[in-house]
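Per my numbering, the sequence shown starts with residue 46, numbered consecutively. Ideal placement from N, C-alpha and C gives every residue a C-beta, glycine not left out.
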Amino acid sequence: MSNKALEICYDFPFFLDDELQEIFQAHEKVLFHKGDFILEEGKTANEYYILEKGLARSFVNDFNGNEVTINFFVENEIIIEVSSLFQRIPTQENIVCITDCECWKFDFETFQELFHKIPNLREWGRAWMSQQLFIGKQRSVEMFTLSATKRYLNLLEQKPHVVQFAPLKQIASFLGVTDTSLSRIRKELVSHPKKI
46 MSNKALEICY
56 DFPFFLDDEL
66 QEIFQAHEKV
76 LFHKGDFILE
86 EGKTANEYYI
96 LEKGLARSFV
106 NDFNGNEVTI
116 NFFVENEIII
126 EVSSLFQRIP
136 TQENIVCITD
146 CECWKFDFET
156 FQELFHKIPN
166 LREWGRAWMS
176 QQLFIGKQRS
186 VEMFTLSATK
196 RYLNLLEQKP
206 HVVQFAPLKQ
216 IASFLGVTDT
226 SLSRIRKELV
236 SHPKKI
């Protein structure tokens, strides 16, 4: 079994071909519709997904009940709520499909079996988790050190699908700005692209 999304996500130099095949075969193809919840607040994650096609986001509700976007998941990324999945606790996050999504599901029990059976899967997991910690740290620092315009430009460069398909309100909450501020930033970029 060969699949581009799986190959990208499990791109790790030490995997043997037969190990990769076993890992790939443990994934099950699933389809979600726009608006479907992949995970809901209060539930415990029992799997993670590799997004082959589509766009999804995770959000929490703040103390006033407003949705705050935590992350966007684009094609060839892993949709996961790490704390809930590995600590076996109910999540505070919601993960919902912004568009129709095609995913590869990897359930927790099967992952655990292969995790103990294939040492390279453990090494891949460690490398992936380190990378995610770095990305999370970088994002939290950038929220304070970069202007909203620069954060928007970074999002546009790193995940153009988000800007193309996600509603303005969701993008604004991800960037930590109001809808009005984001509208102004977008207008300025269109009318004065050289100034930015």
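Could you check how far apart the C-beta atoms of residue i and residue j are, in whole angstroms? I think they sit under 8 Å.
i, j, result
"V141", "F82", "5 Å"
"V75", "K204", "Their Cβ separation, rounded to whole angstroms, is 22 Å, which puts V75 and K204 out of contact at 8 Å."
Taking the alpha helix (DSSP H) that residue i falls in, what are its first and last residues?
i, result
"E67", "D62 to Q70"
"E154", "F153 to K162"
"C225", "For the record, residue 225 in the displayed sequence is Thr; it is not Cys. Here the alpha helix (DSSP H) through T225 covers D224 to S236."
"K49", "K49 to C54"
Which residue comes first and which comes last in the beta strand (DSSP E) that contains residue i?
i, result
"Y93", "E92 to K98"
"V114", "It should be noted that the sequence gives Thr, not Val, for residue 114. Element bounds for T114: E112 to F118."
"L84", "F82 to L84"
"I140", "N139 to C142"
I'd like to check one pair, residue j with residue i: are the Cβ atoms closer than 8 Å?
i, j, result
"Q137", "V105", "yes"
"L201", "V208", "yes"
"I95", "C54", "yes"
"L84", "E126", "yes"
"L130", "A90", "yes"
"F151", "H72", "yes"
"L51", "W173", "no"
"A217", "L227", "yes"
"T194", "I230", "yes"
"N165", "E97", "no"
"I134", "Y93", "no"
"G99", "T144", "yes"
"F69", "W169", "no"
"K214", "D224", "yes"
"S103", "N139", "yes"
Per DSSP, which one or two residues make a beta bridge with residue i?
i, result
"V105", "V113"
"K74", "W149"
"I315", "The question about residue 315 has no answer here: the residues shown for the chain are numbered 46 through 241."
"I124", "Y94"
For a test of your reading of the model: does the CB of residue i fall under 7 Å from any non-hydrogen atom of the ligand MN? Yes or no.
i, result
"Q137", "With respect to small molecules bound, the structure shown includes none, and the ligand MN cannot be examined in it."
Along the chain, which unbroken stretches of the alpha helix (DSSP H) at least 4 residues long are found entirely within the segment 169-221?
193-203, 205-210 and 213-220
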